[in-house]
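See below for the structure under consideration.
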Amino acid sequence: MNRFTWQRAVIKVGSALIAPEGNECSGRFLLALARFITASREAGKEVILVSSGSVAAGRSKVKIRHNASIAEKQAMAAIGQTLMMANWQRFFDFPCAQVLLTADDLRDRTRYVNIKNTLREILNHQALPVVNENDTVAVNELKVGDNDNLGAYTALVAQADTLIICSDIDGLYTADPRKDPTATLIPTVEKIDATIYGLAGGAGTSVGTGGMRTKIEAAEKCTNSGIQTLIVNGRKGETFDSLLEGSVPGTLFKANSTPSSARRLWLTHTLKTAGTIEIDSGAKEALVKKGASLLPSGITHIHGQFEQGDAIDVVCNGSTIAKGLSLYNAKDLLLIKGKKSKDIASVLGYETADVAIHRDDMVLF
Ligand code: GLU
Numbered sequence: 599m600n601r602f603t604w605q606r607a608v609i610k611v612g613s614a615l616i617a618p619e620g621n622e623c624s625g626r627f628l629l630a631l632a633r634f635i636t637a638s639r640e641a642g643k644e645v646i647l648v649s650s651g652s653v654a655a656g657r658s659k660v661k662i663r664h665n666a667s668i669a670e671k672q673a674m675a676a677i678g679q680t681l682m683m684a685n686w687q688r689f690f691d692f693p694c695a696q697v698l699l700t701a702d703d704l705r706d707r708t709r710y711v712n713i714k715n716t717l718r719e720i721l722n723h724q725a726l727p728v729v730n731e732n733d734t735v736a737v738n739e740l741k742v743g744d745n746d747n748l749g750a751y752t753a754l755v756a757q758a759d760t761l762i763i764c765s766d767i768d769g770l771y772t773a774d775p776r777k778d779p780t781a782t783l784i785p786t787v788e789k790i791d792a793t794i795y796g797l798a799g800g801a802g803t804s805v806g807t808g809g810m811r812t813k814i815e816a817a818e819k820c821t822n823s824g825i826q827t828l829i830v831n832g833r834k835g836e837t838f839d840s841l842l843e844g845s846v847p848g849t850l851f852k853a854n855s856t857p858s859s860a861r862r863l864w865l866t867h868t869l870k871t872a873g874t875i876e877i878d879s880g881a882k883e884a885l886v887k888k889g890a891s892l893l894p895s896g897i898t899h900i901h902g903q904f905e906q907g908d909a910i911d912v913v914c915n916g917s918t919i920a921k922g923l924s925l926y927n928a929k930d931l932l933l934i935k936g937k938k939s940k941d942i943a944s945v946l947g948y949e950t951a952d953v954a955i956h957r958d959d960m961v962l963f
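This is the structure in structure tokens:
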């Protein structure tokens, strides 16, 4: 078995695990996973769940005989979402935090920043984020569409280092093991190419939306951004024993780079800066020596018309020392520059964060 290490993981749980009969949530396959989550948190690691199951759970409460219309499915999702959350909560002593997202939320720069900050805060407060698609509002072009890809987007926005996809199959096989007895498990995928997609075939179960293909798509998105991806069999208790001791009892899709170097590359080379802020030497010292976030109190001047989430240059005494994503737009930063973080809310009437640039969103030169 491959070995792996991780610090912050997104764990995706499909309908085949949470609603194995296709209607109603069940705890049958979740106990071992819940133990794994608790043990990992106790070991100082961070976990974000992406869970399906709202439509399946809602289906058990909506008695219809015909094929459900879109509005009926959305009603099922609304009814089932609370059942799904309750199903998770009963496994944990710490709070589960419901996060419902659509593709549109992830495309919108301001909402993207807010999602990122909120996930960070939920983790800071020792709660377990449980993410699902906001099926009640999202149709077609607004949707991610399947929770494998939603898991990948969540891993990206949460800056996770690992995506673990819990399926009802052991991993990626050389052929469909349900049809071909000679099929063997592929333990490692170094690079995702057309051959790998060729192995994926169609959807695996009738309960969820995704199949192997969407899992490979998710793995491709993640590995390209430095996030290793695992496909494991969540129905087997021993899967989680192996994961706990750092072994991969399934397929490991290796990351193409480390998350920090992928992010660094993206920040340094891909993002054009939309403005500049000047900081004093005390703030520079905190950034460079302590790896701190940039507080508004250290900002002396602001140049350019940037928006929240834009990349900006950070300058001290005429030289550019960092580049980062601003948590406030230029207009508001002008109002809070030089001020204490505790005064942000009273000056602006709102507070996105108590820092101007978070250290996770900054590269130092
Ligand atoms: N969001 C859907 C649900 O909770 C699941 C989508 C999927 O199975 O990929 O029912």
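Everything in the sequence shown is counted per the working numbering, starting at 599 for the first residue and increasing by one. Even glycine gets a Cβ: it sits at the ideal position worked out from N, Cα and C. Remember, predicted model here, so these are calculated numbers, not experimental data.
Inset, instruction - State the CB to CB distance for the pair S650 and S613, rounded to an integer number of angstroms; the pair is presumed to be in contact (CB under 8 Å). - result: With a contact defined as Cβ atoms closer than 8 Å, S650 and S613 qualify at about 4 Å.
Legend entry - Any non-hydrogen atom of ligand 1 closer than 7 Å to E731 Cβ: For E731, the shortest C-beta to heavy atom distance toward ligand 1 is below 7 Å.
Inset, instruction - Have a look at A965 and T793 and give me their C-alpha separation to the nearest angstrom. - result: As shown, the chain starts at 599 and ends at 963. That puts residue 965 outside it, with no answer to give.
Inset, instruction - Could you work out which residue in V648, V660, A666 is closest to V697 when comparing CA atoms only? - result: Comparing Cα positions, the closest option is V648.
Inset, instruction - Just mark I646 as buried or exposed, buried being the case when its beta carbon has 16 or more other beta carbons within 10 Å. - result: Result: buried.
Legend entry - E640, buried or exposed, once every other Cβ within 10 Å from all chains shown has been counted against 16: Counting C-beta atoms within 10 angstroms of its own C-beta, E640 has fewer than 16 neighbours from the protein chains shown and is therefore classed as exposed.
Legend entry - At least 3 beta-carbon pairs within less than 8 Å: the region 757 to 773 vs the region 696 to 713: Of all C-beta pairs linking the region 757 to 773 to the region 696 to 713, fewer than three are shorter than 8 Å, placing the two stretches out of contact.
Inset, instruction - Measure how close the beta-carbons of A954 and P894 come, nearest whole angstrom, since I'm counting them as under 8 Å. - result: Rounded to whole angstroms, the Cβ separation of A954 and P894 is 5 Å, and the two are in contact under 8 Å.
Legend entry - Distance, A632 Cα to L885 Cα: In this structure, the CA atom of L885 is about 38 Å from the CA atom of A632.
Inset, instruction - Measure the alpha-carbon distance for T950 versus K661 and round it to whole angstroms. - result: Each residue's Cα considered, the two are about 43 Å apart.
Inset, instruction - Report the rounded CA-to-CA distance for G796 versus L783, giving the unit in angstroms. - result: Computed Cα separation, rounded: 15 Å.
Inset, instruction - Run the CB neighbour count on T837, radius 10 Å, all protein chains shown included, and call it buried at 16 or more, exposed below. - result: Flag for T837 reads buried.
Legend entry - Straight-line gap, K888 to A684 (C-alpha atoms, nearest Å): Straight-line Cα distance between these residues: approximately 41 Å.
Inset, instruction - Report the option in R663, G799, G907, L681 whose CA atom is closest to the CA atom of K777. - result: Ranking the options by Cα distance to K777, first place goes to G799.
Inset, instruction - Take V755 and list the residues in its own chain whose beta-carbon comes closer than 6 Å to its own, dropping the five residues that flank it on each side. - result: Excluding residues within five positions, the ones whose Cβ falls inside 6 Å are I713, K714.
Inset, instruction - Compare the beta carbon distance of F851 and T812 with 8 Å and say whether it is the shorter of the two. - result: No, the pair does not count as a contact, with Cβ atoms beyond the cut-off.
Inset, instruction - Report yes or no: do the region 832 to 849 and the region 870 to 877 share at least 3 C-beta pairs separated by less than 8 Å? - result: Not touching, per the Cβ criterion.
Inset, instruction - Assign R657 to buried or exposed, taking buried as 16 or more other Cβ atoms, counted over all protein chains shown, within 10 Å of its Cβ. - result: The residue in question, R657, is buried, as its Cβ has 16 or more Cβ neighbours within 10 Å.
Legend entry - G612: CB within 7 Å of a non-hydrogen atom of ligand 1: Taking non-hydrogen atoms of ligand 1 into account, the C-beta of G612 is found less than 7 Å away from one of them.
Legend entry - Proximity test, D911 beta-carbon vs ligand 1 heavy atom, cut-off 7 Å: The closest heavy atom of ligand 1 lies 7 Å or more from the beta carbon of D911.
Legend entry - heavy atom of ligand 2 below 7 Å from D766 C-beta: For the structure depicted, ligand 2 is absent and the ligand set comprises only ligand 1.
Inset, instruction - Could you tell me how far apart the beta carbons of G832 and F627 are, in whole angstroms, since I believe they sit closer than 8 Å? - result: Confirmed, Cβ separation roughly 6 Å.
Legend entry - Q679 - containing alpha helix (DSSP H), residue span: Element bounds for Q679: 668 to 687.
Legend entry - Cβ pair S652, D733 closer than 8 Å: In terms of Cβ geometry, S652 and D733 form a close pair [threshold 8 Å].
Inset, instruction - Within the same chain, show all residues whose beta-carbon is closer than 8 Å to that of G806, passing over the 5 residues directly before and after it, in chain order. - result: With a pLDDT of 47 at G806, under the threshold of 50, the modelled position of this residue cannot be trusted; read the value that follows with caution. In chain order, G612, S613, A614, S650, D744, N745 place their CB closer than 8 Å to the CB of G806, counting only its own chain and leaving out the 5 sequence neighbours on each side.
Inset, instruction - Quickly, what does DSSP pair R601 with across the bridge? List them, please. - result: Assignment of beta-bridge partners to R601 by DSSP yields S845.
Inset, instruction - Would you be able to state if there are at least three C-beta pairs under 8 Å between the region 720 to 739 and the region 916 to 933? - result: No, the region 916 to 933 is not in contact with the region 720 to 739.
Inset, instruction - Return the first residue and the last residue of the beta strand (DSSP E) that D911 is part of. - result: Counting along the chain, the beta strand (DSSP E) containing D911 begins and ends at 909 to 914.
Legend entry - heavy atom of ligand 1 below 7 Å from V660 C-beta: Checking the Cβ of V660 against ligand 1 gives no.
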